[in-house]
Structures are given as structure tokens and as C-alpha cells.
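Peer 1: Before I ask anything, here is the structure I am working with.
Residue numbers (the numbering used here): 6 to 198.
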């Protein structure tokens, strides 16, 4: 489905949804090269990228993949992915970019059959404005435009109550997790669709 072995990349599973028709919907993050220092040593000149991908698999075949969010390195930019300054304190994950960094996400299924992906991005846009926050996009039955959620405390790392966990389908999404602000308080969010 995805292979980044040739460039020492990294793939991180985010979520899985099994549709009634047997199609597996897989949400994952893919980095073309795991760390900046690895790229500098082994793949100089290759721009770093991080993508949040929605893949569809059925009967062992990949039906398609959609990139929901992508961050591409731009060495000329003064903005930094994730909002952290480049240096040893951040572990080598950050890089200069003009686009926000997708941090991860989760599927949300509603009683009417619609399926959404809620995900977090961090960073700034080319104008220097902070665009960190939670975003939502419908993926089934038809894709929609991505919308930034207007919430007071966006969740950077979160868990979404899911059907496979015993939660009932309804017209809302229940999420809890950690905010982008660095505090360690768990926060709860309910979104109505």
C-alpha cells in the first residue's frame, strides 16, 4: 500500500474503519524520511514531506488513496513545521515549510452512514498566521471540503469513540485527548454534525 524503505521513511497507523461492504478504510501518516539528520546524510536535497492518507482496501487490493493533508519542506521558508524552532531540543523532526503539519486523526462514523476524518494540524501559513487546530473532512459517501473546527481547545492527540469500541452511532463525535498548548490536561469534545 505504501513503501518508504528506499528513503528511510516512516509510516504511522492512525485509524481503521471497516465499511458494511467489506472495504477497509485506513488512515495513516507517512514521512518520506524519518528524521532530518538522516535525510541530510543519505538523501541530501530531497525535500521532507509528511502526508495524512486515507486508503481504501478490499479483497486484498488497494482501491485508491487520497492525501487529506500534506506538509512539504521549503528551505526558503521562515516558518517551521509544528511551530517548534529547528534545533536539538525538538529531536530533528521539524523543518522549514509553508504548510501546516498533519499530526494524526481518526474516523468518525454517523448513524446516517456518513464517515468523516477528524485530524489535527500544527504550524503557520505563508502569512505567518497560526493555523494549528482540528480539521474535519467527509470521506464517505462523497468527499467534502476540509473545514477547520472552531473550538476553544483543539486536541493535538485524541481518541474518538468508535463503533468497533461499542459506541453507538449517532449524529455526533465524542473525542478526548491532549491539547496543542502543552498542558497535560485531558479534554473532552463533542461535535454535532
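For every residue, glycine included, the Cβ atom is placed at its ideal position computed from N, Cα and C.
Can you look up residue 12 in the DSSP assignment and give me helix, strand or coil?
Peer 2: Of the three classes helix, strand and coil, the one that applies to residue 12 here is helix, per DSSP.
Peer 1: If distances are taken between C-alpha atoms only, which option among 144, 103 and 75 comes closest to residue 115?
Peer 2: Selected option, being the one with the closest Cα: 144.
Peer 1: Tell me whether residue 168 sits in a helix, a strand or coil according to DSSP, three-state version.
Peer 2: Looking at residue 168 - three-state DSSP - the assignment turns out to be helix.
Peer 1: Suppose you measure from the CA of residue 56 to the CA of residue 6; what does that come to, to the nearest Å?
Peer 2: The alpha-carbon atoms of residue 56 and residue 6 are separated by roughly 14 Å.
Peer 1: Compare the beta carbon distance of residue 108 and residue 161 with 9 Å and say whether it is the shorter of the two.
Peer 2: In this structure, residue 161 lies closer than 9 Å to residue 108 by Cβ.
Peer 1: Return yes when the Cβ of residue 124 is within less than 9 Å of the Cβ of residue 141, no when it is not.
Peer 2: In this structure, residue 124 lies closer than 9 Å to residue 141 by Cβ.
Peer 1: Can you tell me the Cα-Cα spacing of residue 48 and residue 12, whole angstroms?
Peer 2: Each residue's alpha carbon lies about 7 Å from the other.
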